[in-house]
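Asks:
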Amino acid sequence: QLLVNSFPNQYNDPTATPLSPEATNSPWAYNTGSATCGSLSAGPGRCITTPEGDVRVTIKYLPPPPTAADRTNANFAPEALPSGASDYKDKRDYFQIETDGVFSGARRKIQAILVTEDLNLPKAYFATDDIELAGGLTVTDVSLFARGDITGIKCGTVTGIDKAYGDWFSATNDKSRIDSTRTSAVDPGAAGLGAEGEIDYASGGPGCSGFNNNDQKQAPAEADDLYKKRDFDGLTSFPGGLSAPSPNYRFCAKNTACWPSGTAQPAGVITYPFDGGANLNADFLRSVAEQQVRTGAGPVTSRDNYIEQPGSGPTVDVNASTFNQQAPALSSVMVVKFTGSSRGTVDIVSPAGGPCLSGTVLVINGDVNTSNAGAACFDGVLAIQRDPTNPLAATLTYKNTGDFTLNGFANIDGKMQIRGGVGPILTDDVLNQPGYHDVKTWSWRECYKEACN
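Just so it is clear: in the sequence shown, position 431 is 461 by our numbering, and no numbers are missing.
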């Protein structure tokens, strides 16, 4: 349950005591309405009845303790926050799970605290090939990363702060941008670009005095604000005679020529703040998608949240009719898998008049297009991956051909072409979506009496 849905507001996020039932709570929440559960006494939570016996399960979100002393308070998480912080740096969440079961007259209660763990998947726009930007594009509060080149960027395209990674400091990247000794300070945690190839700027942009597009870099007036300050590529020198900034941080991945295997991160290297080689677990997301059927729909059909067809078949439309939305909507998962030797195509169209579709859409061996028809928006994550058991020679593409708003981000094992207006806004909720976190046991105990607190 927590692997699919670890959104704190589903298990009563508020810290008031006593906590009252909320209409938006999951049926598993510890403060849902009381109900009978077979041979167990009435109580809240989810009832599981089997021929072997009955079990009632409740889940309670434990917010970070406001003080160190509150670590032992049953309403708070058992781990202290870093000094001055309001949340854990890795965005982990704690939950108290209680199961109460009876079998053949014997009763047992198990209490556990579980904690979510970030799987370090990209929470950004990430392409294993190039990212091409054009039109009146706007990108807010999220960074862009490419193993190839990033082209068409203007000085006003990427704004805000990187809500996922801040200054890109992480366990795999100890050369954060804020540690740069550049003369003018970058905004703390500013969203930016990272390309293993080259960043090619386009002329123009709001409030820009000019770019030197022939030299593929900004004119000196903008150099301190963007290039090698919040945007980093693999170049060590400028073409066309422009002077390279100093220090000249180079963007690259571990186990490459500029960061050889077995060596510490070089002083002049900045790298990904996530695992650039990781993909979503397709088998897990398929299992989730296959269970998200419409009420009364019976067996999983081709129009429920898992679709498999030959790549040579018709285009798959992801819309309000085909994507079964869950509660909460961000826990919705749709998987489209194309088989055979041809890549398929998926068109994502939000419903006319809204609201936006929400959740995670995983496309395997297919291209993805977003359309500006209807409300033209999607909340969540678009992921395009290759099937490792059926490799295709063709390059997969994500293409935004209109004024489509993605409130989240896209990852692709291939190339992105983003045109028109795109306004991705990343929230902390993405870590709670299926596929982006693991769940581990923090503590566990059992007892054999009804009152076990």
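Think of the CB as a built atom: it goes at the ideal place given N, C-alpha and C, for glycine as much as any other residue.
What residue does the beta strand (DSSP E) around LEU315 start on, and which one ends it?
Replies: First-last for LEU315: 312 to 321, but that is the alpha helix (DSSP H), not the beta strand (DSSP E).
Asks: What are the boundary residues of the beta strand (DSSP E) that ALA157 is part of?
Replies: 155 to 157
Asks: Alpha carbon to alpha carbon, what distance is there between SER200 and ARG316?
Replies: 30 Å
Asks: DSSP puts SER388 in a beta bridge; with which residues?
Replies: ASP409
Asks: By alpha-carbon positions, which one of ILE180, TYR91 and ILE414 ends up nearest to ASN39?
Replies: With distances taken between Cα atoms, ASN39 lies closest to TYR91.
Asks: Could you confirm whether any beta carbon from chain D is found closer than 7 Å to the beta carbon of GLN415?
Replies: Going by chain labels, chain D is absent from the structure shown, which holds only one protein chain.
Asks: Is TYR91 helix, strand or coil by DSSP?
Replies: strand
Asks: Work out the CA separation of SER291 and THR266 for me, nearest whole Å.
Replies: C-alpha separation (whole angstroms): 20 Å.
Asks: Just the C-alpha distance for LEU163 and LYS429, rounded to the nearest angstrom, thanks.
Replies: Going by C-alpha positions, LEU163 is about 10 Å away from LYS429.
Asks: When the distance is taken between beta carbons, is GLN415 closer than 7 Å to ASP397?
Replies: No, they are not a contact pair.
Asks: How long is the line joining the alpha carbons of LEU360 and PRO464, rounded to whole angstroms?
Replies: The C-alpha of PRO464 is placed about 9 Å away from the C-alpha of LEU360.
Asks: What is the rounded straight-line gap between the Cα of GLY152 and the Cα of THR66?
Replies: A small correction: the amino acid at residue 152 is Pro; Gly does not occupy that position in the sequence shown. Spanning the two alpha carbons is a distance of roughly 44 Å.
Asks: When the Cα of ILE89 is compared with those of GLU320, ALA350 and PRO74, which residue comes out closest?
Replies: Per the Cα distances, PRO74.
Asks: Is the beta carbon of VAL393 sitting closer than 7 Å to the one on VAL376?
Replies: yes
Asks: ALA154 to ALA110, Cα distance in whole Å?
Replies: 28 Å
Asks: With DSSP as the reference, label ALA136 as helix, strand or coil.
Replies: strand
Asks: On a Cα-Cα basis, can you pick out the residue from THR400, PRO81, VAL188 and TYR302 that is closest to CYS386?
Replies: It is THR400.
Asks: I'd like the span of the beta strand (DSSP E) that includes TYR428, first residue to last.
Replies: TYR428 -> beta strand (DSSP E) spans 426 to 430.
Asks: Over what stretch of residues does the beta strand (DSSP E) that includes ARG3 continue unbroken?
Replies: With the chain running from 31 to 483 in the structure shown, residue 3 is simply not present.
Asks: Whole-angstrom Cβ separation of LYS205 and ILE300, contact assumed at under 8 Å?
Replies: 5 Å
Asks: May I have the straight-line CA-CA distance separating THR181 from ALA225, to the nearest angstrom?
Replies: 10 Å
Asks: Distance check for GLN339 and ASN150, CA to CA, integer angstroms please.
Replies: Annotation: ASN150 to GLN339 spans about 30 Å, alpha carbon to alpha carbon.
Asks: Under the three-state reduction of DSSP, which class applies to ALA423: helix, strand or coil?
Replies: coil
Asks: Tell me, please, which residues DSSP counts as bridged to LEU461.
Replies: Partner(s): none; LEU461 has no beta bridge.
Asks: Run through DSSP, which three-state label would ASN441 get?
Replies: strand
Asks: Tell me, which residues are paired with ASP347 by DSSP?
Replies: ASP377
Asks: Rounding to the nearest angstrom, what Cα-Cα distance links ILE448 and ALA104 in this structure?
Replies: 48 Å
Asks: Just the Cα atoms here: how many angstroms apart are THR168 and THR187?
Replies: 5 Å
Asks: How long is the line joining the alpha carbons of TRP289 and ASP160, rounded to whole angstroms?
Replies: 21 Å
Asks: Tell whether a beta-carbon distance below 7 Å holds between ASN42 and ASN61.
Replies: By the CB criterion at 7 Å, ASN42 and ASN61 fall inside the cutoff.
Asks: Any idea what DSSP makes of TYR336, helix, strand or coil?
Replies: strand
Asks: What residues in its chain sit with their C-beta under 6 Å from that of ASP305, if we drop five residues either side in the sequence?
Replies: ASN150
Asks: Just to confirm the assignment, what range does the beta strand (DSSP E) spanning ARG475 have?
Replies: 467 to 477
Asks: Below 7 Å CB to CB, which residues in the same chain sit around ASN311 once its five sequence neighbours on both sides are set aside?
Replies: GLY465
Asks: Would a C-beta distance cut-off of 7 Å place ASP123 and THR146 closer than the cut-off?
Replies: Cβ distance < 7 Å, so ASP123 and THR146 count as in contact.
Asks: Excluding the 5 residues flanking VAL363 on each side, which residues of the same chain have their C-beta closer than 7 Å to its C-beta?
Replies: LEU315, VAL318, ALA319, GLN322, ASN335, GLY389, THR390 and PRO464
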